[in-house]
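Some notes on the structure that comes next.
Protein chains: 2
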Amino acid sequence: MGSDTRTLDVVGIGNAIVDVLVTSDDAFLEAHGLSKGGMSLVNAEQAQQLYAAAGPGLETSGGSAANTLAGLAQLGGRAGFIGRVRDDQLGAIFSHDIRSVGARFETPAALDGPATARCLILVTPDAQRTMCTYLGASVDLDPDDLDLYLVRQAGLLYLEGYLWDGEAAKRAFLAAAEVMRSAGGQVALSLSDAFCVERHRDSFLELVDGHVDVLFANEAEITALYRCNDFEAAIEQVKGRCSIAVLTRGALGSVVIGEGRVHHIPPYVLGPLVDTTGAGDLYAAGFLWGLCRGEPLERCGQLGSLCAGQVITQLGPRPRVSLPDLVTKHLG
Amino acid sequence: MGSDTRTLDVVGIGNAIVDVLVTSDDAFLEAHGLSKGGMSLVNAEQAQQLYAAAGPGLETSGGSAANTLAGLAQLGGRAGFIGRVRDDQLGAIFSHDIRSVGARFETPAALDGPATARCLILVTPDAQRTMCTYLGASVDLDPDDLDLYLVRQAGLLYLEGYLWDGEAAKRAFLAAAEVMRSAGGQVALSLSDAFCVERHRDSFLELVDGHVDVLFANEAEITALYRCNDFEAAIEQVKGRCSIAVLTRGALGSVVIGEGRVHHIPPYVLGPLVDTTGAGDLYAAGFLWGLCRGEPLERCGQLGSLCAGQVITQLGPRPRVSLPDLVTKHLG
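So, in structure tokens, the structure goes:
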């Protein structure tokens, strides 16, 4: 299919998750053996136990790639998402939220099996988020029911590293990447989480070398991938391995590597820091929005940095302000 | 049962509801024929249609009396809540949230029938909230399964006017009030909503005259109840009809009438106004917390005003800060 007949800018594949945001503290993390800032996988029973021990929650649609595609749609991009929910109340919430911002989401809900995925997100007073994910129905996504039609509609395929935690989801991911590349499109990957990188390091190294055009990673993830001691060494490692590498460093800003140049992008401070949930996801949303409009890489980075700067001033990973208005105000 | 053997300060009966908060605008309200600031009842089909048309949501436990009892528990009060959810995911969220702040909630979930109640709350840029409630399982509460044991544990019974919208729930309410009064306890009523007052005016007039010790109402509700043209006339009407009347006026503060006096309580401005959802509910929480500790009425009003002042600076009706810390900071 030629690029002129494509109806989507970006299609994403990821875990379809509803977040349960809970205000928490370091003592709770320690008591439950949770690593601050990380993502732990939990089974249904562990999820239930942690939830029972946690304070009152605020529920919102989440999922890393889903947050990115929802953000892209909010910016005005043509976005599609592929992921699996159950036909339950949380699945209906997830489906509503991503469609209501204009993204296409057509993966049929599972009619049996585990419930829709939930992620308990413990937000500490330092605005860090620590995640405990029950993957539930989202790991049931497999190549057989992957919507390759939707993949072929897009010029870029966006994948989250978390998919590697489910064997079927990983195969679905690789099948989609194959389809995208043979259609002449690009593949982008987010490494998702340093612990996730540790779990699947060999797979990711191979993938980044040969199959990924745009790589998103934060400092912890990229240094885990290349087993570097510092960020500068990681930059040297990643150069030339993919067309574009986007490396984020929280309050230190971000670095965009591509077209033979290294761009240093400052962070945007738009208000008090509330919750870092979704920062990386919204950076990717802003960056990809610029990229699919053919903007220079430096401006793509600024768009990403701005969207990340907004989402960390609120609770939860889906911006509740107009992103186009934000862009107009800060970037013209 | 003597007051010395009571294990609860306040028990509340109300609709057990999960709120879906959506950022909206006046055009949406007009297009769907919704009265700004009010609460409309919708059936399952209407609820689905409105939700499909609305933007992405943020889910949180709600319900007027439930918000009040959760707030009372957060303040350190001994709180119980009676209301009916279904055994579904939203019901589990409601149950978790109210128990996790320390309130007792033991009403068994319905095993069949309608789903857990949902309220679509459209928050406009002026911070007003407009509510569309699907009562679902909450109207299945009836006298047969009312937990009168829990009612007998408390010194004060708190009821929301919204219960009048369900015939069985209304009967449950009256049965509980009878039990409470014969046990020597007090009965408090919130009028809930001006439209609700219009629907059930005769019932409410009779109730306030003979069966209510503490009445909570906002300006629109109390003027609707007594068909007064202005607030001062309503104050004159309500004097002497119940021991204590608490009348709230938003940014104009509130008035506490009781023990032969009228106290004018200023509002607390704790930050930018974000969402008025739960303002009246949290006022009642703070007021009842003072009342059950034997505080003077003026201070009860200040406690209510402070809790209401906090909840309107955030999205949703359940405070996400420590209310005891707030009280210590502002009221010593």
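From first to last, the protein sequence lines stand for chains A and B.
Following the working numbering, the numbering of the first sequence begins with 1 at its first residue and continues without gaps.
Following the working numbering, the numbering of the second sequence begins with 1001 at its first residue and continues without gaps.
C-beta: ideal position from N, C-alpha, C; glycine also.
Note that the coordinates shown come from a computational prediction; the quantities given were computed from them, not determined experimentally.
When we look at the beta-carbon of residue i and count the other beta-carbons within 10 Å, is it buried (16 or more) or exposed?
i: Tyr158 of chain A; result: buried
i: Gly2 of chain A; result: Its pLDDT being 46, under 50, Gly2 of chain A is placed unreliably in this model, and the value from its coordinates should be taken loosely. Gly2 of chain A should be labelled exposed.
i: Leu1141 of chain B; result: buried
i: Gln1049 of chain B; result: exposed
i: Val269 of chain A; result: exposed
i: Gly57 of chain A; result: buried
i: Tyr1051 of chain B; result: buried
i: Ala1079 of chain B; result: buried
i: Ala27 of chain A; result: exposed
i: Asn1067 of chain B; result: buried
i: Ala1054 of chain B; result: buried
i: Arg1104 of chain B; result: buried
i: Thr328 of chain A; result: exposed
i: Tyr283 of chain A; result: buried
i: Pro1267 of chain B; result: buried
i: Tyr1149 of chain B; result: exposed
i: Lys1170 of chain B; result: buried
i: Asp325 of chain A; result: exposed
i: Glu1219 of chain B; result: buried
i: Gly12 of chain A; result: buried
i: Ala65 of chain A; result: buried
i: Asp230 of chain A; result: exposed
i: Ala1285 of chain B; result: buried
i: Arg118 of chain A; result: buried
i: Asp97 of chain A; result: buried
i: Ser1035 of chain B; result: exposed
Per DSSP, which one or two residues make a beta bridge with residue i?
i: Gly1038 of chain B; result: DSSP lists no partner for Gly1038 of chain B.
i: Arg201 of chain A; result: Partner(s): none; Arg201 of chain A has no beta bridge.
i: Asp19 of chain A; result: A:Thr60, A:Cys119
i: Gly55 of chain A; result: Paired residue(s): none; Gly55 of chain A is not in a bridge.
i: Val1238 of chain B; result: In DSSP, Val1238 of chain B forms no bridge with anything.
i: Ile1013 of chain B; result: B:Ile1082, B:Leu1159
i: Gln1153 of chain B; result: Paired residues: none, contrary to the question.
i: Phe1105 of chain B; result: B:Phe1081
i: Phe1216 of chain B; result: B:Ser1190, B:Val1246
i: Arg261 of chain A; result: A:Gly258
Who are the Cβ neighbours of residue i in its own chain at under 6 Å, not counting the five residues just before and after it?
i: Pro319 of chain A; result: Gln310, Val311
i: Leu1191 of chain B; result: Gly1161, Val1197, Ala1217, Glu1221
i: Gly1091 of chain B; result: Val1085, Ala1109, Thr1116
i: Ala1245 of chain B; result: Leu1215, Val1238, Ile1257
i: His1330 of chain B; result: Leu1306
i: Leu111 of chain A; result: Asp87
Quick one: residues in its chain with C-beta nearer than 7 Å to the C-beta of residue i, no 5 flanking neighbours on either side, listed in chain order?
i: Met180 of chain A; result: Val151, Leu157, Val187
i: Gly1063 of chain B; result: Gly1014, Asn1015, Ala1016, Ile1017, Gly1083
i: Leu1146 of chain B; result: Ile1082, Ala1172, Ala1175, Ala1176
i: Trp289 of chain A; result: Leu72, Leu75, Gly77, Leu303
i: Pro1272 of chain B; result: Thr1313
i: Gly102 of chain A; result: Ala73
i: Phe356 of chain A; result: Past the boundaries of the shown model lies residue 356 of chain A; chain A is included only from 1 to 332, so the question cannot be answered.
On a Cα-Cα basis, can you pick out the residue from the options that is closest to residue i?
i: Ala47 of chain A; options: A:Val11, A:Asp230, A:Pro114; result: A:Pro114
i: Gly278 of chain A; options: A:Asp9, A:Thr23, A:Gln314, A:Asp147; result: A:Gln314
i: Gly168 of chain A; options: A:Asp126, A:Pro143, A:Ala224; result: Position check: residue 168 of chain A holds Ala in this sequence, whereas Gly was assumed. Taking only the C-alpha atoms, the option nearest Ala168 of chain A is A:Pro143.
i: Tyr1134 of chain B; options: B:Leu1205, B:Gln1089, B:Glu1045; result: B:Glu1045
i: Thr1023 of chain B; options: B:Leu1148, B:Arg1227, B:Pro1125; result: B:Pro1125
i: Gly1280 of chain B; options: B:Leu1120, B:Leu1189, B:Leu1111; result: B:Leu1189
i: Leu120 of chain A; options: A:Asn43, A:Tyr149, A:Asp112; result: A:Asn43
i: Ala224 of chain A; options: A:Cys242, A:Gly210, A:Glu236, A:Arg201; result: A:Arg201
i: Ala194 of chain A; options: A:Val212, A:His211, A:Ser243, A:Thr248; result: A:Thr248
i: Arg129 of chain A; options: A:Ser138, A:Met39, A:Ala70; result: A:Met39
i: Ser1138 of chain B; options: B:Trp1164, B:Val1123, B:Met1131, B:Ala1127; result: B:Trp1164
Enumerate in chain order the residues of its own chain whose CB-to-CB distance from residue i is below 8 Å, with the five nearest sequence positions on each side excluded.
i: Ile265 of chain A; result: Gly253, Ser254, Val255, Val256, Glu298, Gly301, Gln302, Gly304, Ser305
i: Gly155 of chain A; result: Ser3, Arg6, Leu8, Asp9, Val10, Gly185, Gln186, Cys292
i: Gly316 of chain A; result: Asp19, Leu21, Leu58, Thr60, Gly62, Asp275, Thr277, Gly278
i: Arg261 of chain A; result: Leu297
Quick one, which residues of the segment 2-30 of chain A are near chain B if we go by CB-CB under 7 Å, in chain order?
Thr23
For the segment 46-71 of chain A, list every residue whose C-beta sits within 9 Å of some C-beta in chain B, in sequence order.
Tyr51, Ala52, Ala53, Ala54, Gly55, Pro56, Gly57, Leu58, Glu59, Thr60, Ser61, Ala70
What residues from the segment 312-323 of chain A come within 8 Å of chain B, judged by C-beta to C-beta, listed N to C?
Leu315, Gly316, Arg318, Arg320
Closer than 7 Å, Cβ to Cβ, to anything on chain B: give me those residues from the segment 77-108 of chain A, in chain order.
Asp88, Gln89, Leu90, Ile93, His96, Asp97, Ser100, Val101
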